[in-house]
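Q: Residue numbers (my numbering): -6 to 447. First the structure, which I've put down as structure tokens, then a few questions once you've had a look.
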């Protein structure tokens, strides 16, 4: 079993097995070459797995992991049923079925993943979390670096459900590649260069918040700046930055970790997520005492940032002077460039767009809304798994906290009132940003409505 580190195999037979250990799996150059040649879409992926089901579990697992990574899947799901198990992958934010596996294959894969992830093989009645690494040869499409996999098992009706989160370093992109409008890019570049204050990025799980924060760090990182992060867990490793991971079992959580970080005299602090009042208070104080703090928060939109911090128990008098900028984002799928069809926009669409974009700043560049304007329509081909989409871009909204906005926040306004004030001061909403991307031919109206609501 050369693909799995010997240390993990030895520890699996050790009476002390069950401690938090992690392993790695090496995908052979032979398998990688096969994947690169043979897997171009989900149909190829399914056929490749089916052709190898009679082989040992190590080979099957190599193909599943390597194929999912090659297809840019963010998650791999193995869901048990009564007599079989369903394999699904999340590509461009949407779960797609791959194939059904026999129970014996599913159980073998589950055991092997548990072994690699350093979680207990004999526990099946409660959730477990772990992680392992995938090491691959430096082929062009894989980037060459190790890929971290976060493992989650959950007891279900017919066995344990398994989800693997793929953390591919290839996902680390520059701020210029986030999909920002030109005006918003200039604002972000200006704000992240400020010496102190807080920048909060909001959105649901899987909306690209971490990618955005890492893009900020990549832009501002230089030898004379000390940057420390506290994360749960560390998703990507950045050179030249001190990264720490919370460990609640040992009493190292966001709050006391952040206290220790402030004593290290950093210039920039990244807090993976604000979840409680204590963390919020320390982060806000750090922003007020000479540090630039980057963090995330779970809210639906940028205007909900203040209300969410207040719901945690923080006071407006501490929030208003600390925040420099609040950002909300989602990810929309880009139309596949190999099968996209441009169609003349119907008059009703043009009227609707004009209404939606009414009042938008004249400094924001948008295509001219005239008769004959063509917009993209998703078609579908083998290259995009017949979805009509391939890849994703962010849509954003952001407001700055200047003196006027600070005074407004001190009144503890409702989310609706804060949003209205932000729009008056020039904020472009996520919906509007998405519609601009439709006009630019990047995505479709249907996709924007799927993500932001009609």
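Note that beta-carbon positions come from the ideal geometry of N, C-alpha and C, so glycine has one too.
Check each candidate in 343, 54 and 261 and name the one with the smallest Cα separation from residue 188.
A: Nearest option by C-alpha distance: 261.
Q: Which same chain residues, not among the five before or five after residue 257, have their C-beta less than 7 angstroms away from its C-beta?
A: Answer for residue 257: 221, listed in chain order.
Q: In whole angstroms, give me the CA-to-CA distance for residue 285 and residue 190.
A: Rounded to whole angstroms, residue 285 to residue 190 spans 5 angstroms at the Cα level.
Q: Is residue 58 closer than 9 angstroms to residue 80 when the C-beta atoms are compared?
A: In this structure, residue 58 does not lie closer than 9 angstroms to residue 80 by Cβ.
Q: At 4 residues or longer, what runs of the alpha helix (DSSP H) sit wholly inside the region 187 to 252?
A: Complete alpha helix (DSSP H) runs here, min 4: 202 to 213.
Q: Assuming residue 353 contacts residue 425 (C-beta within less than 8 angstroms), just tell me the rounded distance between them.
A: Residue 353 to residue 425, Cβ: 6 angstroms. Contact.
Q: Could you check what DSSP says for residue 146 in three-state terms: helix, strand or coil?
A: The answer is strand: DSSP assigns residue 146 an E or B state.
Q: How far does the alpha helix (DSSP H) with residue 37 in it extend, from its first residue to its last?
A: 35 to 43 is the extent of the alpha helix (DSSP H) around residue 37.
Q: In terms of residue numbering, what span does the beta strand (DSSP E) encompassing residue 155 cover?
A: Run containing residue 155: 152 to 160, per the beta strand (DSSP E) assignment.
Q: Give the DSSP bridge partners of residue 166, in chain order.
A: None, per the DSSP bridge assignment.
Q: Taking the Cβ atom as the reference point for each residue, do residue 394 and residue 369 lie within a distance shorter than 9 angstroms?
A: Taking 9 angstroms as the Cβ cut-off, residue 394 and residue 369 do not qualify as a contacting pair.
Q: For the region 269 to 289 against the region 231 to 243, are there 3 or more C-beta pairs whose distance is under 8 angstroms?
A: No: the two stretches stay apart, fewer than three of their Cβ pairs being nearer than 8 angstroms.
Q: Is the beta carbon of residue 228 closer than 9 angstroms to that of residue 203?
A: A contact, by the Cβ cut-off of 9 angstroms.
Q: Taking its Cβ as the centre, do 16 or more other Cβ atoms sit within 10 Å of residue 282, making it buried, or is it exposed?
A: Residue 282 is exposed by the Cβ-count criterion.
Q: Between the region 397 to 409 and the region 170 to 189, are three or more C-beta pairs nearer than 8 angstroms?
A: They do not touch, by the three-pair rule.
Q: Would you report the Cα separation of residue 436 and residue 349, rounded to the nearest angstrom?
A: C-alpha separation (whole angstroms): 17 angstroms.
Q: Quick one: Cα of residue 324 to Cα of residue 86, how far?
A: Answer to the nearest angstrom: the Cα atoms are 8 angstroms apart.
Q: Measuring straight from C-alpha to C-alpha, what distance separates residue 207 and residue 76?
A: Roughly 43 angstroms separates the two Cα atoms.
Q: Quick one, are the C-beta atoms of residue 390 and residue 246 less than 9 angstroms apart?
A: Cβ distance not < 9 angstroms, so residue 390 and residue 246 don't count as in contact.
Q: How many Å lie between residue 116 and residue 379 at the Cα?
A: Going by the C-alpha atoms only, they are around 40 angstroms apart.
Q: Measuring CA to CA, which of 328, 416 and 365 is closest to residue 376?
A: Residue 328 is the option with its Cα nearest to residue 376.
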